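Colleague: Can you keep this structure in mind? I'll have questions shortly.
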Amino acid sequence: MASTETQAGGHAGGAAADERVISVENPATGEVIGTVPDLSAEAVAELAARARAAQPAWEALGFEGRARVMLRAQKWLIDNAERVIRTIVSETGKTWEDAQTAEISYGAAAFGFWARHAEDYLADEKVRTSNLIAKGRRLVVRYKPLGLIGVIGPWNYPLTNSFGDCIPALMAGNAVILKPSEVTPLTSLLLAEGMRECGLPEDVLQVATGGGDTGRAVVDEVDMIMFTGSTRTGRLVARQAAERLIPCSLELGGKDAMIVLADADLERAANTAVWAGFMNGGQTCVSTERIYVEAPVYDEFVAKVTEKARRLRQGVPTGFGTVDVGAVTFPPQADIIESHVRDALDKGARALVGGRRREGPGRFFEPTVLVDVDHSMAAMTEETFGPTLPIMKVADAEEAIRLANDSPYGLAASVFSRDVARAEAIARRLEAGAVNVNDALLNYAVLELPMGGWKASGLGSRHGAGGIRKYCAQQAILVSRLHPRRDVHHFPYDARRSRLISRLFRLLYGRGRRD
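Using the working numbering, the first residue of the sequence shown is number 222, and each one after it goes up by one.
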């Protein structure tokens, strides 16, 4: 939880006297663990000015020079993994394993991946043309860093989805202002400190802590914005970016579906469903949020999921292996989870496991398995973002596909079947940016694959070539080396020459079929 208050006198982060600060709370214990500045628009403008001054020298280092910093940062992260995990756990309430598996491993992989592959994706591209007029010219597409990138991150993954987006932006040669969630800002500050220790020049990466006004100020100052968060806020960011005519990339809400076919390996499907639904307390953009199971195996699948969910341990994470499911990080999210579960129960659903918010201290909602659900219930149609797993019986795969696509969201999905070819064919019919067959969530760890949503789940993508090229401007270069003094299309126009060009066009393009 974060709350804003006024603190007299200076404090860490450089806030001036009487500047507002944000208190950061451990959601698993309710304890305040630190404060950070709530930066004003004027303060953000100062950060931007310093970043723009520092960016040219950072770009001039080239890919090799920037990669050396990133590879040192990779080693720093592994050497300081326990310190980073403690910070993540203290401000998110997630388990140590969730911080290790989904944050430390991602960050370490990302430093190395972008250090080694940025040049491959951003090197000049030679282009061949079929246009006769341009024959003999040298054609090149180059990628130039946009300059200053703004990253606005979410509270659920302060390393992976906040700081993680800074890595390709920096490797492309940009300066970055990172605005982490006001709920979980401490991880970003720690990682920025680590980057400076690894040789990142001063002011190339800066962390702008604060609330919504700080985020809006960042959008007003940068050349491109990368936002991860809710669809509602994403629309506001997109409007603000459009007013300034700057590009934006948005990863927004999801309501990810899992389809379990009658021939699936039910033990694997159940294990995956419980992990993909409850990992990080269900607070993952690509969490499994609804499951459709073919009728012949529905009862057996539900029994397996129920048994596994009942064994999950929830509580305050104090180290590896202490709990399986942590706290609800964001206070309003607990109300949304409770509302969705209550709505389902009021409309006839049953909670086979969980179904209640736990009493404090700390903010916990029990891992919950819901059955007898349908699309009249918010738990099946709206993003819950919590530890709930609603399971719906369907007649066949066609009904499952129809219901999976019956959503404004399209972030990710999964299909389980022993017939891999059939499962892949179903995957291709699902309206989602990423679909796993006999897996879930794993695509996010594959940095070569694009990760982006369809429909209301976002614009653009992270990872792969597009995940770094979006931080650059494309420039097309055409170079004439051997050429006459005057081309046939130059002035003055001549009727005879124009008729010859018309015959050439007819020869080249006039032979198409007319059926």
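A virtual CB, placed ideally from N, CA and C, is assigned to each residue, including glycine.
All figures in this text were calculated on a predicted structure; none of them were measured in a lab.
Along the chain, where does the beta strand (DSSP E) that runs through VAL589 open and close?
Modeller: Reading the sequence shown from its first residue, position 368 is the one you call residue 589. Going by the sequence as given, residue 589 is Thr instead of Val. Counting along the chain, the beta strand (DSSP E) containing THR589 begins and ends at 589 to 592.
Colleague: Is it the case that the segment 309 to 328 contacts the segment 649 to 660, given that we only count it when at least three CB pairs across the two stretches are under 8 Å?
Modeller: The segment 649 to 660 is not in contact with the segment 309 to 328.
Colleague: Have a look at the DSSP bridge pairing and note the partners of THR539.
Modeller: Walking along the sequence shown from the start, residue 539 turns up at place 318. DSSP output for THR539 lists no bridge partner at all.
Colleague: Where does GLY235 sit, in a helix, a strand or coil, going by DSSP?
Modeller: Position 14 of the sequence shown holds residue 235. The pLDDT assigned to GLY235 is 41, lower than 50, so where the model puts this residue is not dependable, and the model offers no usable value.
Colleague: Relative to the C-alpha of GLY333, which residue among VAL658, PRO389 and ARG563 is closest?
Modeller: As a first step, residue 333 must be located in the sequence shown, where it is residue number 112. When only C-alpha atoms are compared, the closest one is PRO389.
Colleague: Going by DSSP, what residue range makes up the beta strand (DSSP E) through MET447?
Modeller: In the sequence shown, counting from the first residue as 1, residue 447 sits at position 226. Taken as a continuous stretch (DSSP letters only), the beta strand (DSSP E) holding MET447 covers 445 to 449.
Colleague: In terms of residues, what are the limits of the alpha helix (DSSP H) holding PRO468?
Modeller: Taking the first residue of the sequence shown as position 1, residue 468 is located at position 247. Run containing PRO468: none; DSSP gives neither H nor E here.
Colleague: Taking the straight line between their C-alpha atoms, what separation do you get for GLY733 and ARG727?
Modeller: If you number the sequence shown from 1, residue 733 lands on position 512. If you number the sequence shown from 1, residue 727 lands on position 506. Going from the Cα of GLY733 to the Cα of ARG727 covers about 10 Å.
Colleague: Considering only DSSP beta bridges, list what SER701 is partnered with.
Modeller: Your numbering for residue 701 matches position 480 in the sequence shown. Answer by DSSP bridge pairing, in chain order: ARG358.
Colleague: Please state whether the Cβ-Cβ distance between LYS691 and GLY679 is less than 7 Å.
Modeller: Taking the first residue of the sequence shown as 1, we reach residue 691 at position 470. Taking the first residue of the sequence shown as 1, we reach residue 679 at position 458. Result no, Cβ atoms of LYS691 and GLY679 do not sit closer than 7 Å.
Colleague: Measuring alpha carbon to alpha carbon, tell me which of MET392, GLU488, LEU298 and THR454 ends up nearest LEU380.
Modeller: Here residue 380 refers to the residue found at position 159 of the sequence shown. The option with the nearest alpha carbon to LEU380 is LEU298.
Colleague: With DSSP as the reference, please indicate the residues paired to MET479 in a beta bridge.
Modeller: The count along the sequence shown starts at 1 and reaches residue 479 at position 258. Answer is ILE512 and SER635, bridged to MET479.
Colleague: Shortest alpha-carbon distance to ASN395 belongs to which of ILE722, ALA694 and ARG417?
Modeller: Here the question's residue 395 lines up with position 174 in the sequence shown. Among ILE722, ALA694 and ARG417, the Cα nearest to that of ASN395 is on ALA694.
Colleague: Tell me, please, which residues DSSP counts as bridged to ALA694.
Modeller: Along the sequence shown, one-based indexing puts residue 694 at 473. In DSSP, ALA694 forms a bridge with LYS365.
Colleague: Can you find the residues in the same chain that come closer than 7 Å, C-beta to C-beta, to GLY631, ignoring five residues on each side of it along the sequence?
Modeller: Here the question's residue 631 lines up with position 410 in the sequence shown. Excluding residues within five positions, the ones whose Cβ falls inside 7 Å are GLU652, ALA653, GLY654, GLY674, TRP675, LYS676 and SER678.
Colleague: Can you tell which of SER326, ALA599, ASP259 and VAL361 has its C-alpha closest to the C-alpha of ALA344?
Modeller: On the sequence shown, residue 344 is found 123 positions in, with the first residue counted as 1. When only C-alpha atoms are compared, the closest one is VAL361.
Colleague: Name the two residues that bound the continuous beta strand (DSSP E) containing PRO629.
Modeller: As a first step, residue 629 must be located in the sequence shown, where it is residue number 408. Looking at the DSSP string, PRO629 is not in any beta strand (DSSP E), and its letter there is neither H nor E.
Colleague: When the distance is taken between beta carbons, is ASP259 closer than 7 Å to ARG241?
Modeller: For the purposes of this step, residue 241 is taken as residue 20 along the sequence shown, with counting starting at 1. For the purposes of this step, residue 259 is taken as residue 38 along the sequence shown, with counting starting at 1. For ARG241 and ASP259, yes; Cβs fall inside 7 Å.
Colleague: Taking just the CA atoms, how far does HIS711 sit from HIS704?
Modeller: As a first step, residue 704 is located in the sequence shown; it is residue number 483 there, counting from the start. As a first step, residue 711 is located in the sequence shown; it is residue number 490 there, counting from the start. Straight-line Cα distance between these residues: approximately 13 Å.
Colleague: Using DSSP's beta-bridge definition, name the partner residues of PRO375.
Modeller: Position 154 of the sequence shown, counting from 1, holds the residue named residue 375. Note: PRO375 sits in no beta bridge, so no partner.
Colleague: Mind checking SER628: buried by the 16 CB within 10 Å criterion, or exposed?
Modeller: Mapped onto the sequence shown, residue 628 falls at position 407. Buried, because 16 or more other Cβ atoms sit within 10 Å of the Cβ of SER628.
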